[in-house]
Structures are given as structure tokens and as C-alpha cells.
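What follows is a set of notes on a single structure, which appears directly below.
In my numbering, the protein residues as written are 63 to 355.
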């Protein structure tokens, strides 16, 4: 978080002079003036009366000074607490997610743990959503990212983000533009088996329209689905994150599906606390932050 604008404003307000504030901040006076002017434009109000003797706070400036000090103190206190938390967190962290999510999230999550939480031993698990759900219910995972909530007294499951799915086709053979849900029912599809949530959701939507999905191949492996699409054996319905590795966006034709029926909500679930694990609620907060990003 960039808190410099508060520092600049507070310094000018306390010294009553742009030149003195610039010296204390080790900035050029034109740069300091420009930064304060940008803040005034952002707020839509003048903060200082400028004259030859210095700078005097306007009513808006006095209001901001009171609150800016509070905000600055709150930010400093928050960073201090986070620093202490980073130094204290230790133990293991077992986090599971569907492979399609892992293609976008696993690397940045591992990098964050490596740099910010060096005392935490991270275990990342990618797999089918149903398998991830089973593991977190069994207490083998501390946190799981899922495509459907788990109803259990021992579980906490929060919706975090919504994904808009896309149609993935062999390069040069896909539709030219967005497709409707009705268009999907006319295409040969490569999908996971009927026990997976995405397949169930799509078939339910098709039945509601008295239609049927044309399943060309069933296979429970994302990498194999993409290979079969590349061979031209059918099309796939996937989240964009599934294409972030291996130049997926360049390897295939990818178009938007113009239908609210192909949106999915991602949930973050926490299971029973393991004795050697970092507290689940702390891990869940971190996963939610990275997932939103």
C-alpha cells in the first residue's frame, strides 16, 4: 500500500511550508507540490491556501489532517502486526485445489510462502475437485479451493470469486466469436466424468432447456483434455485459468460463452485443524487474497 501521499500532506500541514516539508522529506519542492496537487485533484477539494508566507490548511485540509494521522497510525500498526505474524507463523500448511485453479495459483502461492513465510512447510495438492473435497473433509488438507460448498458442521466454506468459463477449440477450428449455451449443445465436447461438478452443472442446465450435451470423450485429467482438444477430437469448456500454463492461450482458439449458465463460484473451505498445522483461518485468509488476485 502506498502511504506516501499521507506523509507528504501531513509534513506540509505540520510545517506550514512546502519548502521546509520538501527538505525534511528529502524531495524537490516541485515534486512535493505536484504530489499534493494530485491528492487535491483526487479528493476534488483544495487542502491548502498557498501564499508567499507558506501554506495554510483549508477546512477540508483540517478534516483530512485529523483522519490522515489516524489512517497512517492504523497502517503502521497493521504492518507491525503482520510483521510479527510472519515471524511467528510456523508449522505445515496443506492446501488443495482443482488442477484448473492450480495452473494459475500454485506458483504465486508457493512463491509467497517461500518469501514471506519461510518457517511454514507448504504442501500443495492439485487434483479433481471431488478428490480435493474428500481430502479436506478427512482432515488431510487444511484449506481447499472447491467448486461447490461442503455442508458440514465441521467445515467452513466461503464463496470467494466467480469464474466465467470459455470454449476451448483446436487452433483454427473454433467459432469466430462468443457462443451461446444453445451453441454448446451442438458441439462434440471433451469433458470429465459425470461425477464432477462442472459436468453435473452443465448437464442440469441442458436438461432445463430440453437439450443434451454431445459428449465425445470423457476423461478426468485436465492435461489430457487439452491434448485431445489439440488433436481436434472435440471442444472443452474450461475456466481461463486452465490455459495459463504452456502458452495455452496461444495454442487454442478461445472464445467467451455468452451465458450466465457457465459461471462457477470458487469456495475456500477449511477442515478440522491438524495439530502441526498453521491455524486454518490464517491460511484461508491468505488463499482468499491470492485467489482474488
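Backbone N, C-alpha and C fix where the C-beta goes; we use that ideal spot for every residue, glycine too.
Where the beta strand (DSSP E) containing residue i begins and where it ends
i, result
"residue 241", "Premise fails: residue 241 is in no beta strand (DSSP E) and is neither H nor E."
"residue 276", "276 to 280"
"residue 263", "From DSSP, residue 263 is part of no beta strand (DSSP E) but of the alpha helix (DSSP H) over 259 to 270."
"residue 226", "218 to 226"
"residue 326", "325 to 332"
"residue 305", "Element bounds for residue 305: n/a, residue is neither H nor E."
"residue 353", "Unbroken run through residue 353 is the alpha helix (DSSP H), 342 to 354; no beta strand (DSSP E)."
"residue 252", "250 to 253"
"residue 117", "116 to 119"
"residue 112", "110 to 113"
C-alpha distance - residue i paired with residue j, whole-angstrom precision
i, j, result
"residue 63", "residue 89", "Any reading at residue 63 needs caution, since the residue's pLDDT is 49, under 50, leaving its predicted position unreliable; the model's value is listed next. If you take the alpha carbons of residue 63 and residue 89, they lie about 20 Å apart."
"residue 170", "residue 254", "27 Å"
"residue 83", "residue 239", "56 Å"
"residue 158", "residue 294", "31 Å"
"residue 348", "residue 115", "50 Å"
"residue 202", "residue 234", "43 Å"
"residue 138", "residue 132", "10 Å"
"residue 346", "residue 311", "30 Å"
"residue 68", "residue 177", "28 Å"
"residue 224", "residue 326", "6 Å"
"residue 95", "residue 80", "7 Å"
"residue 232", "residue 246", "15 Å"
"residue 198", "residue 271", "35 Å"
"residue 269", "residue 342", "39 Å"
"residue 200", "residue 215", "13 Å"
"residue 324", "residue 112", "57 Å"
Sheet register partners of residue i (DSSP bridge)
i, result
"residue 176", "Partner(s): none; residue 176 has no beta bridge."
"residue 68", "Paired residues: none, contrary to the question."
"residue 231", "315"
"residue 160", "189"
"residue 299", "229"
"residue 205", "157, 332"
"residue 182", "153"
"residue 339", "154"
Within 7 Å, strictly: CB atoms of residue i and residue j
i, j, result
"residue 291", "residue 252", "yes"
"residue 281", "residue 298", "no"
"residue 330", "residue 350", "yes"
"residue 321", "residue 243", "yes"
"residue 136", "residue 71", "no"
"residue 316", "residue 296", "no"
"residue 228", "residue 334", "no"
"residue 207", "residue 305", "no"
"residue 275", "residue 265", "yes"
"residue 218", "residue 332", "yes"
"residue 230", "residue 175", "no"
"residue 109", "residue 118", "no"
"residue 101", "residue 122", "no"
"residue 73", "residue 87", "yes"
Residue interval of the alpha helix (DSSP H) (run including residue i)
i, result
"residue 285", "284 to 292"
"residue 85", "80 to 87"
"residue 100", "91 to 105"
6 Å CB neighbourhood of residue i in its chain, flanking five on each side removed
i, result
"residue 181", "152"
"residue 340", "151, 153, 155, 182"
"residue 66", "none"
"residue 77", "83"
"residue 237", "317"
"residue 97", "70"
Own chain partners of residue i with C-beta closer than 7 Å, once the 5 adjacent residues on each side are dropped
i, result
"residue 161", "188, 189, 284"
"residue 193", "none"
"residue 191", "160, 208, 209, 258, 259"
Contact set for residue i: own chain, Cβ-Cβ below 8 Å, skip 5 residues either direction
i, result
"residue 400", "Given a span of 63 to 355 for the chain in the structure shown, any question on residue 400 remains unanswerable."
"residue 355", "170"
"residue 164", "186, 188"
"residue 211", "219, 221, 329, 331"
Any non-hydrogen atom of the ligand MG closer than 6 Å to residue i Cβ
i, result
"residue 353", "Judged by which ligands are present, the structure shown has none, so any question about the ligand MG falls away."
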